[in-house]
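What follows is a set of notes on a single structure, which appears directly below.
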Amino acid sequence: NIAQMQVQLIGIAVAFLWAFPTTLIAYMILDRIVGVRASSQGEQRGLASATIKRHMVVLSQIWAWAKQHGRCSGDNPFKLKLPQVKKKAYLAWELPDLEKLFQHRPKRDDIVEVFTAALYTGMRLGELAELTWGRVRSEDGISYILVEDAKTEAGRRKVPIHSKLTWLLEKERNGADQL
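Everything in the sequence shown is counted per the numbering used here, starting at 165 for the first residue and increasing by one.
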């Protein structure tokens, strides 16, 4: 029916004429208030090499699938050798920074204990928060914490307990397994 088609076309036109300017105005307001775009420095720097590599791997897989199913031919243009970019090393904490960090002692002792243990073990805060007596072990006279439930193989490790953390081993258990 032509009349129905005309009504639908008018509806589409009205929706577009209302939605597009409204969205554009909302975008312009957000851009002024929050800044929707990346900084000019961020735009100049571009994507990190790891991000580019990840995208290239996905595109390469799509190309391989398309070639296998007869959708394209020729060499895969996404199989490129990207240069290895070395990551910048993090600077270690310097004494003035640590003094500033510990200038005001937290009121709760458990927070002090967790952060002190984190500094001396290098363990993640989540790993320390889930620490139980069952994970504290000793081998050849050296006490250590066994980390087993990490995401990667490198995360599963034995973390030696520093001599400054002997208070940790002397804590009362009070019948609980949580350290």
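C-beta atoms are modelled at their ideal positions from N, C-alpha and C, and glycine is treated no differently.
Notebook entry, point to check: Quick one: what's Pro324 bridged to in DSSP?
Noted result: Tyr308
Checklist line | Among Leu310, Arg337, Thr316, Gly319, the one whose alpha carbon lies nearest that of Ile350 | finding: There is no way to answer for residue 350, as the model of the chain reaches only from 165 to 343.
Margin query: Quick check on DSSP: helix, strand or coil for Val221?
Written below: The answer is helix: DSSP assigns Val221 an H, G or I state.
Note to self: Can you list, in chain order, the residues of its chain with a C-beta nearer than 8 Å to that of Phe184? Leave out the 5 residues immediately preceding and following it.
What the structure shows: None.
Notebook entry, point to check: Buried or exposed: where does Leu295 fall if 16 or more other Cβ atoms within 10 Å of its Cβ makes it buried?
Noted result: buried
Next item on the list: Go through the segment 226-290 residue by residue and report every complete run of the alpha helix (DSSP H) that reaches 4 residues or more, in order.
Entry: For the segment 226-290, whole alpha helix (DSSP H) runs of length 4 or above, ordered along the chain, are 259-265, 273-285.
Note to self: Could you compute how far the alpha carbon of Gly175 sits from the alpha carbon of Trp182?
What the structure shows: 11 Å
Margin query: Which of the three DSSP states is assigned to Ser204 in this structure?
Written below: Three-state result, Ser204: helix.
Next item on the list: Could you say which of Lys271, Ala253, Leu332 lies nearest to Tyr284 if we only look at CA atoms?
Entry: Leu332
Next item on the list: Return the chain-ordered list of same chain residues with a C-beta closer than 7 Å to the C-beta of Glu334, the five sequence neighbours on each side being excluded.
Entry: none
Checklist line | Reduced DSSP category for Arg301 - H, G, I as helix; E, B as strand; rest coil | finding: strand
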